[in-house]
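Here this note's numbering is used: the first residue of the sequence shown is 17, the next is one more, and so on.
Have a look at the structure below before the remarks.
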Amino acid sequence: MTGRNLNAALDLLWADLMALYDEAQAVTIVGKDGIERPYRPTRYLNEIRKGRERNELVPTVARMIRRPTKGLGILAEAGRRDLMVETRIVLDESKPYHYLWSQTTLELARERLRELDATSSPQR
Numbered sequence: 017m018t019g020r021n022l023n024a025a026l027d028l029l030w031a032d033l034m035a036l037y038d039e040a041q042a043v044t045i046v047g048k049d050g051i052e053r054p055y056r057p058t059r060y061l062n063e064i065r066k067g068r069e070r071n072e073l074v075p076t077v078a079r080m081i082r083r084p085t086k087g088l089g090i091l092a093e094a095g096r097r098d099l100m101v102e103t104r105i106v107l108d109e110s111k112p113y114h115y116l117w118s119q120t121t122l123e124l125a126r127e128r129l130r131e132l133d134a135t136s137s138p139q140r
């Protein structure tokens with residue numbers, strides 16, 4: 017892979033991460049004050065911005081996958097698996113940056129989704 021292709025893949029990764037941020041704001045949450053408002057994943061935004069500034073975007077996303085976040089729970093409760101980093105970014109094999117993820121990161125993303133499936137399955 018040439019440097020140009022790698023840079024193009026990283027640029028697309030950045031664009032996709034930002035699109036997730038923008039689209040996640042369609043999800044509504046109820047604030048501590050009881051008022052419904054758009055979800056704004058600001059910690060996510062700060063993390064990915066920092067990762068890009070440091071040329072560490074891939075390791076930043078891998079770290080996100082290693083530790084469950086409050087945002088993951090919010091998206092799961094809203095039924096918006098399509099807005100999860102695990103689903104849209106890491107496990108989407110059609111993305112030109114898919115090759116950048118380690119097997120460990122891929123397996124952790126799969127495991128996270130299995131855990132969500134297990135907790136959202138109806139109890140019998």
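Ideal Cβ placement from N, Cα and C applies to all residues, glycine included.
Notebook entry, point to check: Start and end of the beta strand (DSSP E) containing I45?
Noted result: Here the beta strand (DSSP E) through I45 covers 44-46.
Notebook entry, point to check: Taking C-alpha atoms, which residue in P54, A125, Y115 lies nearest to A94?
Noted result: Nearest to A94 by C-alpha distance, out of P54, A125, Y115, is P54.
Note to self: I need the DSSP call for P84, collapsed to helix, strand or coil.
What the structure shows: In this structure, P84 counts as coil in the three-state DSSP scheme.
Next item on the list: Would you kindly check if the distance between the Cβ of V101 and the Cβ of W117 is under 8 Å?
Entry: The Cβ atoms of W117 and V101 lie no closer than 8 Å to each other.
Note to self: Tell me which residues share the same chain as K66 and place their Cβ nearer than 6 Å to its Cβ, disregarding the 5 neighbours each side in the sequence.
What the structure shows: Residues of the same chain with a CB within less than 6 Å of the CB of K66, apart from the 5 flanking positions on each side, do not exist.
Checklist line | Beta bridge counterpart(s) of E52 as assigned by DSSP | finding: Paired residue(s): V46.
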